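Okay, structure first, notes after.
Numbering (the numbering used here), first residue to last: 362 to 813.
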């Protein structure tokens with residue numbers, strides 16, 4: 362395998378003790394390294410590459426737009442690709458007819474935070490400046506986004522973070538209220554009201570939630586009634602509902618927006634990742650008319666922005682990606698393949714004693730790994746089981762996404778399966794053949810560890 366050695370690379374890697382294969386090119390659902398080893402991209406990179414790799418139509422759109430102009434600054438100009446993209450996304454959205462563009466998911470969720478607070482400031486309610494979030498969640502790596510995140514990534518920065526996640530997560534496999542499906546009364550949703558009363562609704566600007574808890578929870582998917590209860594509580598206490606759809610937005614769950622699966626209209630939606638399917642950095646924040654009207658009648662100023670916000674090249678690429686999804690009916694493909702993935706993952710769950718739970722929707726699925734299926738006991742943290750299965754799969758030519766520490770930020774192992782929307786039935790069969798082989802190797806690894 363051709364890699365940069367640590368002595369030759371000046372780039373800071375995620376894990377500085379590792380060497381990484383060098384990518385040569387990608388095509389469809391496959392990535393090839395410099396030695397032409399093929400990897401099936403079973404997690405779309407970081408749940409990003411929704412339309413697969415090497416789509417020539419997108420490359421041509423990028424070339425044509427970048428040949429026209431390099432950059433326009435948002436305080437001086439708007440541009441046609443940006444306006445067309447804004448119209449496209451708002452028309453697809455659940456009644457959110459305004460959008461602000463940024464460059465990454467973290468920027469989008471942090472802009473959503475600021476937008477919610479500004480809304481109340483414009484109405485003369487500046488005390489409403491708290492954003493509530495769930496105890497298992499991930500909203501980004503910048504300090505504002507990390508402050509809202511219920512993730513082990515916050516631990517080293519706890520002293521300088523503004524917020525602390527306070528809302529229970531609808532984690533049915535490990536119900537925070539020790540309920541089962543027969544006794545559940547959706548306490549994970551109704552308990553939000555108690556948190557609001559404790560903090561005071563007059564202090565709370567909004568509640569931010571991922572429709573499906575992805576990177577920090579391994580595709581934790583709420584029940585059918587969950588979001589309806591949440592929205593009802595938000596409306597009762599005059600609190601904005603913010604959906605972080607950086608991972609779930611624009612087709613990943615079998616709907617243009619993940620929240621559509623629950624038939625709820627939020628006030629704000631943060632988008633990223635799939636907006637460009639990896640072909641350029643871009644993100645956005647959708648919001649409804651009442652927020653726009655408050656700003657328009659008040660200061661009239663958007664108090665946020667980044668140098669590259671609204672970049673015409675990125676906007677053209679994003680528009681091309683959305684049109685590609687639409688013209689190729691890829692969301693139908695997502696829905697069709699959901700059933701195949703569900704069936705195969707449940708078969709693996711029945712086969713392997715260390716698979717405790719499978720959960721998900723569309724093409725976003727999580728597999729939770731346990732040391733004791735009956736007791737749902739997590740593996741000891743020092744075994745790093747999530748990293749082990751990811752490394753085994755990588756060696757065998759399959760990319761999957763690790764999830765760790767969803768239990769009190771200290772325990773828990775899972776991985777995500779989230780292939781591109783373009784994946785075929787034959788490619789899914791290949792994915793599950795490699796995954797099964799990888800799980801067999803993990804089984805042997807666990808047996809060796811247990812014998813020590």
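Ideal Cβ positions, reconstructed from N, Cα and C, are used throughout, including at glycine. Treat the numbers as computed from the prediction; the structure is a model and nothing was measured.
8 Å or more divides the Cβ of residue 678 from the Cβ of residue 460.
By the neighbour-count criterion, in which 16 or more other beta carbons inside 10 Å mark a residue as buried, residue 686 falls on the buried side. Between the region 713-725 and the region 448-468, the count of Cβ pairs shorter than 8 Å is below three; the stretches do not touch. Shortest Cα-Cα distance from residue 567 to any of 599, 543, 551 and 590 involves 599.
Linking residue 498 to residue 534 through their CA atoms gives a straight-line distance of about 16 Å. By the criterion of a C-beta distance shorter than 6 Å, residue 473 is surrounded in its chain by 603, 629, 631 and 646, once the five residues flanking it on both sides are discounted. Taking all protein chains shown into account, residue 384 has fewer than 16 neighbouring C-beta atoms within 10 Å of its C-beta and is therefore exposed. If you draw a straight line from the Cα of residue 710 to the Cα of residue 489, it is about 45 Å long. For the 8 Å CB-CB criterion, residue 607 and residue 773 do not form a contact.
Looking at the backbone, the Cα of residue 622 and that of residue 664 are separated by about 32 Å. For residue 767, the closest of 578, 370 and 376 by C-alpha to C-alpha distance is 578. Between residue 492 and residue 554, the gap from beta carbon to beta carbon reaches 8 Å or more.
Around residue 649, the same chain offers 457 and 628 as residues with beta carbons nearer than 6 Å, after the five sequence neighbours per side are excluded.
Take the alpha-carbon of residue 696 and the one of residue 724: they are about 8 Å apart. Annotation: the continuous alpha helix (DSSP H) that includes residue 687 extends over 673-688.
Residue 759 carries a strand assignment under DSSP once its states are collapsed to helix, strand and coil. Between residue 389 and residue 406, the CB-CB gap reaches or exceeds 8 Å.
With fewer than 16 other beta carbons inside 10 angstroms of its own, residue 452 counts as exposed.
Spanning the alpha carbons of residue 547 and residue 581 requires a straight line of approximately 15 Å.
Residue 410 and residue 639 do touch by the CB rule: their CB atoms are close to 4 Å apart, below 8 Å. With fewer than three CB-CB distances shorter than 8 Å, the region 731-746 does not count as touching the region 786-800. Under the rule that a run must span 4 or more residues, the alpha helix (DSSP H) segments found entirely inside the region 490-522 read 504-508. Rounded to whole angstroms, the gap between the alpha carbons of residue 545 and residue 537 is 11 Å. Runs of the alpha helix (DSSP H) spanning 4 or more residues and lying entirely within the region 714-773 occur at 746-757, in chain order. Residue 691 places its beta carbon 8 Å or farther from that of residue 588.
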